[in-house]
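Beneath this line is the structure, given in structure tokens, with notes to follow.
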Amino acid sequence: EYGIPLGWNFLFKQDYWRSEKFDHYTESLPNRNALFSRRNSTGTAIVHVNNLVKKFGPDKIAVNNVSFDLYENQITSLVGPNGSGKTTIFNCLIGIYKQTSGTIKIENDDGNNFDTRINMEMLRKSMGYCPQHDILFDLLTIKEQLEFYAIARGFEKNKEKIANEMLHLIDLENSKDLYCKTLSGGMKRRLSLACAFIGDTKIILLDEPSSGLDPSNRRSLWDWLRSMKEGKTLLLTTHFMEESDALSDRIMIIANGNIKADGTSAKLKEKYGSGYKLIINKQNNSHTDDIKNTLCHYLPELKVETDILDGDVVFRTNQQPNEQFVQALYHLETMKKENRIKYYGVQNSTMDDVFLKITKDTNIENESESISADTDTLEQQCHNVFNDQHISTGIPYHLSQYHGLIIKSLLVRYRRWALTLIVLLLPILYNLLSNITSRSHHESGIFKMNLNSLNPQTILYHTDPMIEKYFRASIDGAVLEQKSGNISQKNREILQKRIDRPYTYTDIYLAFNIPKPTRNKYKIETLSSNLISGYEVISLASNIFYKYALNDTGASIQTTLIYKKIENFTTQPSIEDILNSLSMISCILKLIPTALLFDIFIFYILFFYVTVFLISERKDSFLSLLTISGLHPASYWIFTYLFDIIISILWFCYLLAVYCIFHVALNGIPNKKSQIENTVLFEFLSPWNLRVQFYPLTILIILPTLPFTYLLTKLFKNDINGGLSICFVLTILHLISIIVPVIMMIAENASVQMLLYWLFNIISPNINAQVIITYILAKKSIFCKSAIDNFKMSRFESIGDDTIGWNCLILVLHTLLQLLLIIIIDTGLLKFSYSFLYKSNFDENTLDDDVLAERSRILDLQTNIFDDDDEHIDYLTVNDLVKYYSRRKILAVNHLTFGAKRGEVFGLLGYNGAGKTTTFRVIVGDLVSTQGTASIDGQNVHRRTRSTHHLGYCPQENCSMDFLTVQDSLYLLARIRGVKISHIKMIVETMSSLFLLDSFLNNYIHQLSGGTKRRLHAAIALIGPPLVAILDEPTTGVDPNARQQMQEIFLNAVKAKLTVILTSHAMDECERVCNRLGIMVQGQLICLGTIQHLKSKFGQGYTIEIKVRSISDDTNITPIHNVQSFLLSQKQYHVEIKETTNSTGLFQISQTTPAELFQLIEENKQRLNIETYTISQTTLEQIFLSFGKEIRTT
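So that you can map any letter, position 62 of the sequence shown is 66 in the numbering used here, and since no number is skipped, the others follow by simple counting.
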């Protein structure tokens, strides 16, 4: 599936066997001439992609005839909608996928091109790759991860130096000893980026490198990438158009697998830009039409682009910035002073505008594209799924959940058919081999009785003279001694010879006596040896009489023996014979008959099959997502247990059927008469009766052992390895059950016998169950009845009939207690806070006034009485929440307190590692708080004693949901939520349409792009709908078009009185969607309030965000420097520099109006090389960055 395959004849090529020699240490030196050229600072094309096509199956074209070059010392951005082919192009470039057609060539220092299909192994040495999803070793620290990559790249001697440099560059020096599995999403992302740059890499491929990074770290990343591009060729994908604008020397826009636009950001804006935007924040009593009519006097071509109720309205105009335009801005300033509007801003074309124009204008034919719905349709769809309640209650609610689980279980097993087929074939293979082996010992045979098998024995003989010559002619090569007397005398003579010559027993002595005939009938008397089969004398007699009859000593006849082996046939016993013999001891030791040893091993395959699916569901938190969405652990485990019992019954019926088919086919149909006749005296039960009795009794093993294996699954993350390990554990326990009775037999002390017996029966459910099965089988054995009556021994009385009742009680307790234990574990009742390890030094007086007021409100809050008409109820409350990791001594959440009301989007923002995701995991019940509580709809989430069907959760990390399609997962979650059967189809189809998933309904989830997975998880969180939806970075990796639609969905959900808790690193998204928000730093809020309140409190005046064109003539001066100097020279405006990168700048202006700033920028736009700019009131992102600046300062 992955990688570029070698040709069929690769083993016969010299290149495959010839090792490549190079000096790793020399290669690590920075000035070494490596694979790629550094001679030209710009303009050297390094990567050539020509007519690239990649198909998945006959119909799915992911990349369609794409051609482009990548240049040295340049950063190229590849942007496009989710599923447009970006990641597929990356995978072809790095050699994960083999292209269907077309070529990818990379140029070396001599100008020679290397085709990736042939030279991928060599080319990879100079490639760095940061995939869309972080691939890190959980149990390595950050520093160890970097050192590992340094060693893998061949820089072992410099690994510590390289790791320390990278730690400094990505600002993780203080966290270098943390395990990768404990890092926040943003920290993992920075570490993955660093790994891509380790070594002498010349081509760097970055798939959404800033995904999950907060704005401050994202801007730091831009500067870092620009500083690292010298001598390298960088290609990146991103869904932040601002990032592609600020960072890229060149931008390619792809849709439907085709490149739709290619050029610098300035050229793309010039070609596809659409004038200017006026962003106006309305007063509550103002109307969009009134504002538009007023502005149309100055700007006749003004059009409404977006209009949010009680929020921002965005107008667009293609009119050039003339006097009329300036007058329109001055009129807006007047309206602001008259309180007709709150504030206003102006923005010229951005890359977001270019992207949306190109993707919307493109005729979308490929199924991978997503088309957003118009506003009216979207609002109607949201009303259908959010306002109308379609949730069942009581018994129908639980039946709906079981319905979903049954369909999911059957679908997953059906689609994982290869595993099911292998499991089904193993019993057939076992029975086939078993019967072949058995027939080789018990079936009929042919033995050619050659005369030379008697040579060179010593033969004593006496014959009638008439037949002696024929006798001698038949015995050729043997030593003959003629003796007188009958056969009895010869027997005594042979015995005397062996006495006289000891240690010669292997010398075979035979005797023949052929007396005179009686009435023409000869009689041959023979004395044979037990060292030969004994039938050779028949061949000798046949030859003698044959020669005599023909009167020809040269005549010869072949005699062949056809025989059938029976139980007392003298031959080497088979394993089956040995096990059958040992089974007799089961009469007194309560040891399951050893004849069933291999049958039990085959039976244990059932537990491998069952546990594989359980581990697969839990390994990527899919089971946790189901639990959070309303599936109580008790419901899940009861269903799983009952479902697996049905599978188990089918399994033992299948095993019995396979055995019976093979037995009947090879041995015929047994009947009672033949069974009795063929029963051997010393036999526990006949093979047929034993298995016919045993397989139905395996239900006694199944009942307690299933819960036991459920507990063991919690120790494993890999499904196949976990299933095999559990099967191995059960096999070992079975072998122990064989060894323990032998030890008990040796032990003289009855107390020791009792201790060993009950110890292992209590510890191991399958051992105890096998004792009961053995007892039942022994009762049906004729041999056992006789043996128990005749061989009673005092040492076995402690495990006699009187213990079976206790064994049955233990079986019941095993079943019930283990099921109860696993339910208790999953409900969180065994999770402990360890609050005694936390010593608080929290001082609430250091909190911001708004944060302190919210804290006081929540702490003073009494028990709420929930009323649907009360909009001031806090559906979610976080009360003095603390999460302290004592082992790592990290305070992740520090006495956090806030509430979210009905019909509110509460934004929880913060820097990477601030504690947002930890807070969410405590709220949804994944983690236990050290102190404090979190409640949803009045239910404490610390204990999942009740179903959390009022909660929806979109986790930060995607769940793969193995072998489920998008449609399957939507239906499953709808049923888990209890959506009524009559409405479920409508709900699923509407949610699929809203989140632009219609084209992917039949795709497996692991096949989706990152952005499409995020849309699916957001849809899952809101399906139902729940009272509270917690969305942890739901739009990360989502393209701008789909992101806009998701924001509209969130707004409509709030209109339907849902409570949404949102975290995002897209500040414009939070500004548009959130009613209130708080910014977290080090586990505590440092500010809290509405957007406007925060802007009024922390923002002053206006900000200008400027992007300039790159300057190539003087690399010592950053392109933004001239703009920075010019604005600082305008003393009357009181300019303050907030944030700058290589080509972007953020400036705070406290003494002016947008109209004056617009005029100032337009007059100097060409001279200062300004490409784009935005004039606005202080934005949320600027407030966020200002807090970051303060934190870094302190």
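Don't be surprised by glycine CBs; every beta carbon is placed ideally from N, CA and C.
Residue range of the alpha helix (DSSP H) that residue i falls in?
i       : result
Glu1075 : Met1071 to Val1077
Asn1126 : His1125 to Ser1133
Asp1201 : The shown model of the chain, from 5 to 1198, leaves out residue 1201, and the question about it has no answer.
Determine the direct distance from the alpha carbon of residue j to that of residue i, and round the result to whole angstroms.
i       : j       : result
Asn1006 : His636  : 28 Å
Phe626  : Asp1002 : 22 Å
His667  : Pro469  : 57 Å
Ser506  : Phe787  : In the sequence as presented, Ser is not what sits at residue 506; that position holds Pro. The straight-line gap from Cα to Cα measures roughly 43 Å.
Ser639  : Gly1014 : 32 Å
Ala1023 : Gln774  : 49 Å
Val696  : Val662  : 12 Å
Ile985  : Val970  : 19 Å
Ile65   : Lys1017 : 20 Å
Asn288  : Ile1009 : 43 Å
Gln1136 : Lys1169 : 19 Å
Lys102  : Gly115  : 24 Å
Ala167  : Arg128  : 21 Å
Ile1090 : Leu895  : 16 Å
Leu1210 : Phe1004 : As displayed, the chain neither begins before 5 nor continues past 1198, which places residue 1210 out of reach and without an answer.
Can the beta-carbon of residue i be found less than 8 Å from the beta-carbon of residue j?
i       : j      : result
Asp853  : Ser628 : no
Val882  : Phe902 : yes
Leu976  : Val416 : no
Lys893  : Val926 : no
Tyr879  : Ala857 : no
Leu238  : Leu217 : no
Tyr334  : Lys340 : no
Thr48   : Ser130 : no
Leu1092 : Val855 : yes
Leu176  : Ile146 : yes
Is it right to say residue i is buried, meaning 16 or more other beta carbons lie within 10 angstroms of its own, or is it exposed?
i       : result
Thr1094 : exposed
Arg1019 : buried
Phe4    : Within the shown structure, residues of the chain are numbered from 5 to 1198, placing residue 4 beyond reach of any answer.
Lys1281 : Because the chain spans 5 through 1198 in this model, residue 1281 falls outside it and cannot be assessed.
Lys194  : Sequence check: residue 194 is Arg here, not Lys. Buried, because 16 or more other Cβ atoms sit within 10 Å of the Cβ of Arg194.
Trp421  : exposed
Asp380  : exposed
Cys657  : exposed
Who are the Cβ neighbours of residue i in its own chain at under 7 Å, not counting the five residues just before and after it?
i      : result
Ile776 : Leu704, Ile808, Asn811, Cys812 and Leu815
Thr819 : Leu707, Pro708 and Pro711
Asn944 : Thr937
With a CB to CB cut of under 8 Å and the five nearest residues on each side skipped, what residues in its chain are close to residue i?
i       : result
Asp142  : Tyr183, Cys184 and Lys185
Thr1067 : Gly911, Leu912, Leu913, Gly914, Lys920, Thr921, Phe924, Leu1035, Asp1036 and Glu1037
Leu834  : Ile828
Asp1072 : Thr1183, Leu1184 and Glu1185
Considering just the uninterrupted stretch of the beta strand (DSSP E) at residue i, what are its terminal residues?
i       : result
Arg1018 : Careful: Arg1018 lies outside any beta strand (DSSP E), inside the alpha helix (DSSP H) at Gly1014 to Leu1026.
Cys731  : Element bounds for Cys731: not the beta strand (DSSP E) but the alpha helix (DSSP H), Asp723 to Ile750.
Ile257  : Arg254 to Ala259
Asp504  : Run containing Asp504: none in the beta strand (DSSP E); it sits in the alpha helix (DSSP H), Ile491 to Asp504.
Cys134  : Met131 to Cys134
Tyr1106 : Tyr1106 to Val1112
Thr2    : Since the first and last residues shown for the chain are 5 and 1198, residue 2 lies out of range.
Thr937  : Gln935 to Ile940
Spatial neighbours of residue i within its chain, please: CB distance less than 6 Å, with the 5 preceding and 5 following residues excluded, ordered by chain position.
i      : result
Leu998 : Gln385 and Ile1053
Phe720 : Ile619 and Gly726
Val614 : Asp648
Val744 : Leu760 and Phe764
Lys520 : Asp468
Thr713 : Phe611, Thr615 and Ile730
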